[in-house]
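Encoded as structure tokens, the structure appears first; notes follow it.
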């Protein structure tokens with residue numbers, strides 16, 4: 297809270313470094329979580345290992361659920377800093393820092409220094425923001441891009457209204473929108489556009505609408521986004537249909553996907569996450585007397601912004617917690633505005649504010665500690681065994697599922713065979729990791745034929761090598777009788793790592809190797 301009372305204005309660099317240190321200091325403390333962190337970091341690891349920085353691959357198969365920005369940043373980070381969990385989380389950290397710093401700079405320029413500092417404190421003390429900053433998936437990266445795009449567009453429009461230079465800022469806004477599209481697809485452009493459109497319409501600022509549709513900015517947007525999409529369509533004829541129709545429009549409008557939640561899910565989540573701040577947020581809804589026109593415009597933006605985000609993501613049936621992250625920064629500002637409106641009772645209000653910030657920070661730390669103590673089904677222990685006992689030429693086979701984080705932790709240099717019933721007619725009707733691999737296999741039939749193995753073909757596959765390592769559920773013993781003759785090297789949490797030695801008489805007999 298000292299930052300709220302000091303008269304000195306910190307530099308943007310100092311604020312950015314402070315935010316980065318605050319959000320990153322426990323990023324090393326826990327293993328990758330499954331499935332999301334293991335999946336997306338695994339794709340980045342394959343990009344770095346293969347040297348193909350254009351085509352994202354999941355176990356060697358083209359993977360087009362998401363665009364490549366997260367993978368590019370993560371692969372670069374792993375190349376620069378080494379194979380560490382904190383390095384795998386650089387992309388989400390950058391997104392969180394971008395969103396927080398953009399909010400601070402915008403509020404400082406158009407509202408007040410006190411509002412900017414208080415809003416930053418509320419944002420950094422919000423567990424949803426600070427924990428997501430250390431979660432290696434695409435949600436925080438795109439949330440940062442969306443937040444920065446919104447404030448840059450708003451900043452450019454306000455500059456234009458005040459006859460200040462605005463073109464450089466607007467160019468940055470269009471560039472940031474392009475990064476949002478490369479981070480997670482069309483929402484990187486659509487959500488900022490909806491927020492700014494509604495904000496300007498409510499103010500009847502029709503001229504600003506046309507100002508923001510500036511053709512040099514649009515050219516910058518296309519120059520940054522189009523090359524990758526054109527390149528992928530050139531390589532894979534069904535890419536655009538799969539990426540936009542299946543992964544965007546069908547996922548938004550149809551059922552059959554995981555995480556089905558009711559319409560009110562996101563309002564409830566945000567109320568719980570902002571529970572200590574709700575009294576201040578409620579107070580901020582009523583306009584304050586004596587505000588300047590820019591301050592009134594900023595306050596309206598901070599009301600429209602979360603409303604549009606929550607409404608948009610409440611429409612589809614499938615809902616994930618991270619989708620609502622772009623709504624968090626403006627809510628932090630509203631909490632700050634409500635707090636500062638209590639200036640006549642500053643001592644009491646400040647004590648309560650510090651309590652809320654301390655509670656939120658402690659809760660975020662507690663969540664990280666809990667996740668570190670309960671790592672779930674991480675394959676890190678199995679990877680340690682493989683790195684110490686396996687020879688590079690010895691193949692690995694996965695049974696029934698693909699263990700997303702194993703290639704990263706075991707530093708695998710090639711894809712692995714995954715055994716499952718790939719002919720299951722139900723496979724395409726349920727959102728699952730098996731469906732992800734099956735979909736990816738449709739873009740490279742030759743690779744899929746080698747990597748997606750049917751159970752009946754497994755014995756012949758194992759007979760080709762003197763030693764093969766098999767990772768799968770411990771219950772696989774009931775379906776693959778030859779595992780009785782295998783060596784149980786390590787088992788944990790219902791998963792077992794076996795070593796298959798085909799040169800032993802027992803295994804030769806069990807596999808019926810010719």
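Residue numbers (the numbering used here): 297 to 810. We put the beta carbon where it would ideally sit given N, CA and C, even for glycine. Computed from a predicted model, the values in this text were never measured in an experiment.
Opening and closing residue of the alpha helix (DSSP H) in which residue i lies
i, result
"residue 417", "409-420"
"residue 625", "624-636"
"residue 483", "483-498"
"residue 793", "Taken as a continuous stretch (DSSP letters only), residue 793 belongs to no alpha helix (DSSP H), being part of the beta strand (DSSP E) at 791-797."
"residue 731", "729-737"
"residue 451", "434-457"
"residue 703", "702-706"
"residue 276", "What is shown of the chain runs 297 to 810, which leaves residue 276 out entirely."
"residue 426", "423-428"
"residue 561", "561-569"
Through-space distance from residue j to residue i, alpha-carbon basis
i, j, result
"residue 275", "residue 634", "The structure shown does not extend to residue 275, since the chain spans only 297 to 810, so no value can be given for it."
"residue 606", "residue 559", "10 Å"
"residue 640", "residue 653", "Confidence is the limiting factor: at residue 640 the pLDDT is only 49, short of 50, which leaves the residue's position unreliable, though a coordinate-based value still follows. In a straight line, the C-alpha of residue 640 is about 21 Å away from that of residue 653."
"residue 502", "residue 494", "11 Å"
"residue 361", "residue 539", "7 Å"
"residue 764", "residue 318", "45 Å"
"residue 574", "residue 709", "50 Å"
"residue 603", "residue 794", "52 Å"
"residue 650", "residue 414", "11 Å"
"residue 554", "residue 723", "14 Å"
"residue 379", "residue 704", "8 Å"
"residue 381", "residue 312", "22 Å"
"residue 355", "residue 711", "5 Å"
"residue 507", "residue 473", "16 Å"
"residue 601", "residue 694", "45 Å"
"residue 800", "residue 768", "22 Å"
"residue 674", "residue 792", "12 Å"
"residue 504", "residue 580", "26 Å"
"residue 595", "residue 588", "11 Å"
"residue 770", "residue 510", "60 Å"
"residue 335", "residue 546", "22 Å"
"residue 359", "residue 682", "26 Å"
"residue 779", "residue 333", "30 Å"
"residue 363", "residue 727", "19 Å"
"residue 692", "residue 613", "38 Å"
Simplified DSSP assignment, three categories, for residue i
i, result
"residue 712", "coil"
"residue 614", "strand"
"residue 675", "coil"
"residue 329", "coil"
"residue 687", "coil"
"residue 801", "helix"
"residue 357", "strand"
"residue 809", "coil"
"residue 640", "Reliability of the predicted coordinates at residue 640 is poor, the pLDDT of 49 falling under 50, and the value obtained from them is presented with this limitation in mind. Helix at residue 640."
Near the ligand FMN: residue i beta-carbon under 8 Å from a heavy atom
i, result
"residue 695", "Although the ligand FMN was asked about, the structure shown includes no ligands whatsoever."
Proximal residues to residue i (C-beta, below 8 Å), its chain only, five neighbours per side dropped
i, result
"residue 475", "365, 441, 484, 520"
"residue 529", "535, 536"
"residue 455", "461, 462, 465"
"residue 798", "758, 759, 761, 762, 763, 764, 804, 807, 809"
"residue 301", "The pLDDT assigned to residue 301 is 42, lower than 50, so where the model puts this residue is not dependable; a value taken from the coordinates is nonetheless given after this. So no residue of the chain qualifies."
Same chain, Cβ closer than 6 Å to residue i, five either side skipped, listed in chain order
i, result
"residue 598", "626, 629, 630"
"residue 340", "367, 370, 371"
"residue 450", "597"
Limits of the beta strand (DSSP E) - the one that residue i falls within
i, result
"residue 764", "763-769"
"residue 747", "Premise fails: residue 747 lies in the alpha helix (DSSP H), 741-747, not in any beta strand (DSSP E)."
"residue 788", "783-788"
"residue 695", "692-695"
Cutoff 7 Å; reference residue i; Cβ partners in own chain excluding five residues on either side
i, result
"residue 423", "569, 656, 659, 660, 663"
"residue 306", "none"
"residue 565", "617, 620"
"residue 446", "488, 491, 492, 601"
Supposed close pair residue i, residue j - CB separation, criterion 8 Å
i, j, result
"residue 395", "residue 444", "6 Å"
"residue 758", "residue 714", "No, residue 758 and residue 714 are not in contact; Cβ-Cβ is about 14 Å, not under 8 Å."
"residue 531", "residue 309", "Rounded, the Cβ-Cβ distance is 41 Å, inconsistent with contact."
"residue 428", "residue 618", "6 Å"
"residue 412", "residue 403", "4 Å"
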